[in-house]
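In the UniProt record's numbering, the protein residues as written are 1 to 918. What follows is a single structure, written as structure tokens, with notes after it.
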């Protein structure tokens with residue numbers, strides 16, 4: 001025993017020593033190795049070990065102990081490898097290395113317990129070490145998509161230890177094998193992208209009942225297989241891309257999936273009837289069922305479903321316009337349904353006449369089915385009672401299959417029945433009493449005539465899963481080892497508890513640090529008890545304000561509730577120095593999170609909103625949570641604080657379009673080229689067209705309008721800041737319905753009656769085009785000739801000689817540019833026609849501007865990786881393209897290119913989803 005005590009004590013000292021060493025260490029060696037491994041070395045970085053790395057503020061974030069908490073080298077065009085020392089950076093929370101050309105084996109990230117977000121998309125890594133993601137207990141987002149050079153590796157089951165995982169992006173990452181049934185370990189998981197791998201086998205049962213909202217499993221090399229029934233219990237599902245696989249069986253009842261918006265099931269082996277419940281889904285707008293083995297009547301979706309693909313290899317009984325199938329055809333399809341709609345019966349039973357070329361079916365001279373011969377067809381399932389509807393049936397042969405269940409009583413009512421052979425199946429239940437003229441052959445069904453099903457068997461061996469009892473000596477030896485192991489484990493747990501308490505204490509004391517509510521019911525109770533500032537009523541969004549739990553947030557419906565204390569912290573208490581702009585509903589502030597991520601916080605004035613505006617505010621949140629498009633600034637979170645309403649958006653660091661057009665000299669910008677201006681116009685047109693499509697189908701309320709054109713990092717326009725336009729102070733609609741910030745954008749009918757239509761947006765877009773052409777503001781009182789751009793522009797457009805003088809002098813007006821300007825000017829004139837019915841829709845604008853941008857499209861796909869959809873396509877054409885072989889779609893995330901998405905990543909504090917890939 002003395003030796004054991006010494007051993008235990010020694011182990012304890014060793015653990016304490018290791019703890020002290022780790023706590024005292026800095027990350028200088030790891031950062032020096034990282035700097036040495038990257039080419040080119042990032043500007044300002046040093047390859048020598050020192051504490052200088054905490055001064056690399058643009059790319060590196062540190063805590064007060066000089067421990068690195070964040071590394072951001074996204075899109076730096078880096079090559080090289082990642083050093084193994086990366087795994088020693090125990091305080092690392094965020095690792096963003098996407099969009100480079102890094103290669104070699106990815107270093108293990110195991111046991112980095114503080115790591116929350118990992119973005120490694122779009123690189124050239126060669127392999128993933130076993131257990132790379134073990135022990136990442138704080139992980140929320142893992143994104144490793146578009147690493148096509150990886151050696152094949154299985155799905156990382158060690159992620160079960162990452163219970164906070166929200167976003168998982170592993171598309172085009174050389175995954176192979178089955179998807180493990182582990183998704184009940186992820187209570188917060190919302191986005192799963194596993195497209196373009198070599199995953200096989202069935203969908204895991206644990207998908208059912210999960211909180212997954214967006215599921216991308218399309219384009220597997222061999223193909224996932226089996227039924228897709230699990231979708232029926234995924235009630236949070238918004239997007240489901242399962243196309244280009246080998247799924248079989250019928251489309252399940254998706255009644256519970258009320259949020260389903262985009263369903264891609266094309267290019268599978270699905271059979272059976274398209275359920276009516278699918279066509280009745282309230283939010284479905286994009287569905288593709290082409291190239292399956294579907295049967296029954298041609299499905300007719302309501303007009304609100306804007307994109308439908310059904311053609312191809314499906315075997316519908318009749319073309320579109322025929323409301324139902326022939327009665328005998330309907331009956332036989334229902335019979336096939338009892339067998340699970342096998343593909344053999346879909347391919348063999350095509351058309352609307354069972355007596356014309358249908359295999360296994362024989363008819364009499366009057367066109368009545370008299371024989372159905374399905375023996376030896378490897379059928380499973382049950383015998384459908386619908387067979388009783390074939391009133392002329394004489395012979396039914398079902399022997400030598402794997403059928404179960406009872407023989408339906410409805411067969412006893414077939415007056416013409418002579419032969420019924422069900423031998424050699426697994427039927428059970430009572431045997432119906434047939435007329436004496438019926439020859440029933442039932443041998444080979446040992447349970448037929450009993451109520452016991454084939455599934456009822458003996459209990460499993462009681463010894464299964466147990467270990468043999470050890471003998472006395474073995475028990476003594478095991479006990480000795482167990483004592484030592486138990487003491488060591490106890491010490492480790494003790495140390496872990498202390499560290500956990502200290503960590504939580506520091507985190508809760510640190511302002512601005514967002515965490516998760518471990519018990520969602522606590523957050524709901526907070527809202528119910530009146531901490532949402534609405535008088536105690538429980539809101540639809542379970543909104544939580546600061547209240548007594550102001551340091552918490554929780555996720556509901558994909559939105560992030562942020563406390564007012566955090567927003568005060570990141571905006572320096574809403575400092576005047578942080579104001580980005582002012583609007584009809586309040587002020588927009590710039591904020592910076594602790595990791596350097598910049599955000600824009602829109603703070604609605606309480607006198608404008610009031611408590612009566614809560615329902616409208618919640619409606620806006622509900623809409624914005626569903627709308628995703630590369631030309632719409634993403635909503636990151638929101639806050640309700642008494643009468644205040646605050647929205648948090650991604651920050652656009654390049655400023656506004658107006659700044660680049662009218663203040664570029666003062667701000668030190670380069671003037672926008674004509675190529676940039678036309679590209680901006682096209683992107684705005686696409687964004688507004690997308691919104692119009694949603695509004696016209698009642699997906700978003702017509703009164704939620706886009707405003708404020710902002711420029712993103714790549715000088716592409718962003719239509720942002722949905723203004724809530726109902727119940728404005730002036731008794732009609734707020735002026736935020738215009739596209740940008742002056743009264744000069746208002747259409748005549750809007751100025752006179754306040755009526756909001758899509759044509760009002762078209763008018764405003766035409767004014768934007770005029771601004772891009774002339775460099776003049778829509779309304780400028782300093783202009784002596786005419787302060788209103790529209791009337792001035794129309795006069796200039798009439799006289800071609802004078803028109804050249806109206807063009808922005810900073811533009812190069814060569815012959816090619818002038819031809820393009822003339823085309824855009826004509827479009828601007830049409831868009832600003834006085835009568836709304838004379839204005840085109842935004843699809844026309846996209847069609848006009850697309851070919852103009854196409855002429856500048858780089859020859860290298862890599863150079864134009866964020867261009868988006870094919871620029872000379874209308875939205876309907878683009879939808880068709882998106883749903884073609886590349887397997888991309890647009891209705892939820894409306895801007896995927898063939899290789900990646902450009903929707904901005906949300907900050908690590910929020911519900912982050914950095915998605916790339918298909």
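Every residue, glycine too, gets a C-beta built ideally from N, C-alpha and C.
Residue 126 is not a Cβ neighbour of residue 145, given a cutoff of 8 Å. Annotated as distal: residue 140 and residue 170, with beta-carbon spacing of 8 Å or more. Leaving aside the five residues that flank residue 86 on each side, the residues in its chain whose CB is nearer than 7 Å to its CB run, in chain order, 30, 34 and 107.
Sorting 372, 414, 404 and 406 by C-alpha distance to the C-alpha of residue 396 places 372 at the top. By the Cβ criterion, the segment 75-86 is not in contact with the segment 46-54, since fewer than three pairs of Cβ atoms, one from each stretch, lie closer than 8 Å. Rounded to whole angstroms, residue 378 and residue 400 show a C-alpha spacing of 8 Å. Of the candidates 447, 445, 426 and 420, 420 places its Cα closest to the Cα of residue 437.
DSSP lists 201 as the beta-bridge partner residues of residue 224. The C-beta distance from residue 216 to residue 192 rounds to 7 Å, short enough to fall under 8 Å.
For residue 762, the enclosing alpha helix (DSSP H) stretches over residues 758-774. Two segments are said to touch when three or more pairs of C-beta atoms, one from each, lie closer than 8 Å; by this definition the segment 223-230 touches the segment 193-212. Inter-segment contact for the segment 764-782 and the segment 823-842 is present: three or more beta-carbon pairs are separated by less than 8 Å.
In the assembly as shown, residue 121 is a buried residue. Its beta-carbon has 16 or more other beta-carbons within 10 Å.
Under the three-state reduction of DSSP, residue 387 is assigned to helix. Under the three-state reduction of DSSP, residue 309 is assigned to strand. Look at residue 836 here: in three-state DSSP terms it is helix.
Following the DSSP letters along the chain, one finds residue 34 inside the alpha helix (DSSP H) bounded by residues 28-37. Straight-line measurement puts the Cα of residue 234 at about 6 Å from the Cα of residue 210.
Proximity to residue 39 across 100, 575 and 67 peaks at 100, based on C-alpha coordinates. Sequence-distant Cβ neighbours of residue 368 in its own chain, meaning closer than 6 Å and more than five residues away, are 392.
Per the coordinates, the alpha-carbon of residue 449 lies some 38 Å from the alpha-carbon of residue 315. Taking a contact as a CB-CB distance under 8 Å, the pair residue 265 and residue 292 counts as one, their CB atoms being some 7 Å apart. Excluding residues up to 5 positions away in sequence, 180 and 182 lie with their Cβ nearer than 8 Å to the Cβ of residue 157 in the same chain.
Only exposed fits residue 668, as fewer than 16 other CB atoms lie within 10 angstroms of its CB. The way I'd put it, the segment 335-349 doesn't touch the segment 302-311; fewer than three beta-carbon pairs between them come closer than 8 Å.
DSSP, reduced to helix, strand and coil, places residue 255 outside both helices and strands of the structure shown, so it counts as coil. Per DSSP, the continuous alpha helix (DSSP H) segment holding residue 336 begins and ends at 327-338.
The C-beta of residue 834 has fewer than 16 other C-beta atoms within 10 Å across all chains shown, which makes the residue exposed. DSSP places residue 852 within a helical segment (H, G or I) once states are collapsed to three. For residue 438, the three-state secondary structure derived from DSSP is coil.
Under a 10 Å Cβ-count criterion, residue 666 is classified as exposed, with fewer than 16 other Cβ atoms of the shown protein chains found around its own Cβ.
Between residue 641 and residue 576, the alpha-carbon positions lie close to 20 Å from each other.
The beta carbon of residue 398 lies closer than 6 Å to those of 374 and 422 in the same chain, with the five residues before and after it left out.
Excluding the 5 residues flanking it on each side, residue 282 has same chain C-beta neighbours closer than 8 Å at 258, in chain order.
DSSP, reduced to helix, strand and coil, places residue 125 within a strand of the structure shown. Here the segment 333-342 lies against the segment 243-260, with 3 or more beta-carbon pairs under 8 Å apart.
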